[in-house]
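Trainee: Residues in the sequence shown are numbered consecutively from 1, following the numbering used here. Every residue gets a Cβ at the ideal spot worked out from N, C-alpha and C, and that includes glycine. Model, not experiment: these values are computed from the prediction.
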Amino acid sequence: MNKLFMDELVMPNEDSIKDALGNNYKYWKEIKTTLNAKYEGLKEEWKYYGKKTGWTLKLFYKKRNLFFFSVYEDCFIIAFIFSDKAVDAITKSNLPSKYINEILAAKKYAEGRGLRIEVRYKVEVKIIIKLTEIKILY
Numbered sequence: 001m002n003k004l005f006m007d008e009l010v011m012p013n014e015d016s017i018k019d020a021l022g023n024n025y026k027y028w029k030e031i032k033t034t035l036n037a038k039y040e041g042l043k044e045e046w047k048y049y050g051k052k053t054g055w056t057l058k059l060f061y062k063k064r065n066l067f068f069f070s071v072y073e074d075c076f077i078i079a080f081i082f083s084d085k086a087v088d089a090i091t092k093s094n095l096p097s098k099y100i101n102e103i104l105a106a107k108k109y110a111e112g113r114g115l116r117i118e119v120r121y122k123v124e125v126k127i128i129i130k131l132t133e134i135k136i137l138y
């Protein structure tokens, strides 16, 4: 799986994301549309992290980082960092056990625990939205 948008001089835009994701673009669009309808004032910020990581989009709500969005050849990845309170809420949620187990197994850092989700199917869209709602609450 190869990450796209590696050229420091070419910041991604909506058209380049659409071209890169092809059929999977509809899932990114649905995530953005749903979250923008629920939470006024979401902000996007593209940042170039270097030759190995390339460009990544950070989504903010009220100056709070919600998640990181990275584009790959055949999917996109949403990466979260959750506080202890958010992890507790996730363990008590109705999310699939796969994600609950993954967050519990993740190494704990000062910022929290990380969870990366590859989005290839519609089912992952609902999971991303639910996790974002938990992140906003906690």
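#1: If you run the structure through DSSP and keep just helix, strand and coil, what is K85?
#2: Within 8 Å (strictly less), CB to CB, does L57 reach chain D?
#3: Count the CB pairs spanning the region 59-79 and the region 15-29 that are closer than 8 Å, and state whether there are at least three.
#4: Starting from L131, trace the alpha helix (DSSP H) both ways and give me its first and last residue.
#5: Less than 8 Å separating the beta-carbons of K58 and K51?
#6: So, using beta-carbon positions, are S93 and K38 closer together than 8 Å?
#7: Compare the C-alpha of K29 against each of V125, T132, L137 and I136 and name the closest.
#8: Would R120 and V87 be called neighbours here (beta carbons separated by less than 8 Å)?
#9: Just grab the DSSP bridge partners of Y72 for me.
#10: Just to confirm before moving on: does the CB-CB distance between Y138 and A106 stay below 8 Å?
#11: For L59, report the span of its beta strand (DSSP E) as first-last.
#12: Going by Cα to Cα distance, which pick from F76, L35, F67 and Y25 is closest to E45?
#13: Would you grab the beta carbon distance between I81 and T91 for me? Rounded to a whole angstrom, and I think it's under 8 Å.
Mentor: On the basis of the data shown:
#1: Looking up residue 85 in the sequence shown gives position 85. If DSSP states are grouped into helix, strand and coil, K85 belongs with the helices.
#2: Judged by its chain identifiers, the structure shown contains no chain D, having just a single protein chain.
#3: Three or more beta-carbon pairs drawn from the region 59-79 and the region 15-29 are found closer than 8 Å, and the two stretches are therefore classed as touching.
#4: In the sequence shown, residue 131 corresponds to position 131, counting from 1. Element bounds for L131: K122 to L137.
#5: In the sequence shown, residue 58 corresponds to position 58, counting from 1. In the sequence shown, residue 51 corresponds to position 51, counting from 1. Taking C-beta atoms as the reference points, K58 and K51 fail to come closer than 8 Å.
#6: Numbered from 1 along the sequence shown, position 93 holds the residue referred to as residue 93. Numbered from 1 along the sequence shown, position 38 holds the residue referred to as residue 38. No, the pair does not count as a contact, with Cβ atoms beyond the cut-off.
#7: As a position in the sequence shown, residue 29 is number 29, starting the count at 1. With distances taken between Cα atoms, K29 lies closest to V125.
#8: In the sequence shown, counting from the first residue as 1, residue 120 sits at position 120. In the sequence shown, counting from the first residue as 1, residue 87 sits at position 87. No; because the gap between Cβ atoms is not below 8 Å, this pair is not in contact.
#9: Position 72 of the sequence shown, counted from the first residue, corresponds to residue 72. Its beta-bridge partners are K3.
#10: On the sequence shown, residue 138 is found 138 positions in, with the first residue counted as 1. On the sequence shown, residue 106 is found 106 positions in, with the first residue counted as 1. In this structure, A106 does not lie closer than 8 Å to Y138 by Cβ.
#11: Position 59 of the sequence shown, counting from 1, holds the residue named residue 59. Taken as a continuous stretch (DSSP letters only), the beta strand (DSSP E) holding L59 covers W55 to Y61.
#12: Counting from one through the sequence shown, the residue named residue 45 turns up at place 45. Considering only alpha carbons, the answer is F67.
#13: Walking along the sequence shown from the start, residue 81 turns up at place 81. Walking along the sequence shown from the start, residue 91 turns up at place 91. Their Cβ separation, rounded to whole angstroms, is 16 Å, which puts I81 and T91 out of contact at 8 Å.
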